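The numbering of the sequence shown is this note's numbering, which starts it at 5 and goes up by one. Beneath this line is the structure, given in structure tokens, with notes to follow.
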Amino acid sequence: MYHIREKKEWMTKYINNNSLSGHVTALIELQQASDLSLEELFELLDELVENDIVQWTSEEHVISKPIPEWYTQRLKDISHIHEMALSIRYKA
């Protein structure tokens, strides 16, 4: 499993606040740069939510806690979609 602490510096550098497309772009770049499978990316996002690690700040673009509610909800939605995709994949 991908270790969050190892990439905190990467995330601090690349994730932009107040830009939803920036968040998505950064996550895709993180996935590609780290050679993560889509499932590993989902697991990383789930872990970020569960551990209340992420908060985007407009001044320094750093990661701290607690995470904002809108981001928690977004990652929960992503996690739900991921679970649905897994259930469909493993039904066959």
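Built from N, CA and C at the ideal position, the CB exists for glycine as well. What you are looking at is a predicted structure, and each value in this text was computed from that prediction instead of being measured.
Discussion item. Could you tell me the alpha carbon to alpha carbon distance between L48 and Q77, rounded to whole angstroms?
Written reply: 15 angstroms
Discussion item. Using only the alpha-carbon positions, how far apart do Y75 and K95 sit?
Written reply: The alpha-carbon atoms of Y75 and K95 are separated by roughly 30 angstroms.
Item to complete: Give the DSSP-derived three-state secondary structure of D39 in the structure shown.
Response: coil
Worksheet item: When burial is assigned at 16 or more other CB atoms within 10 Å of the CB, is L159 buried or exposed?
Response: No answer is possible for residue 159: it lies beyond the span of the chain, which begins at 5 and ends at 96.
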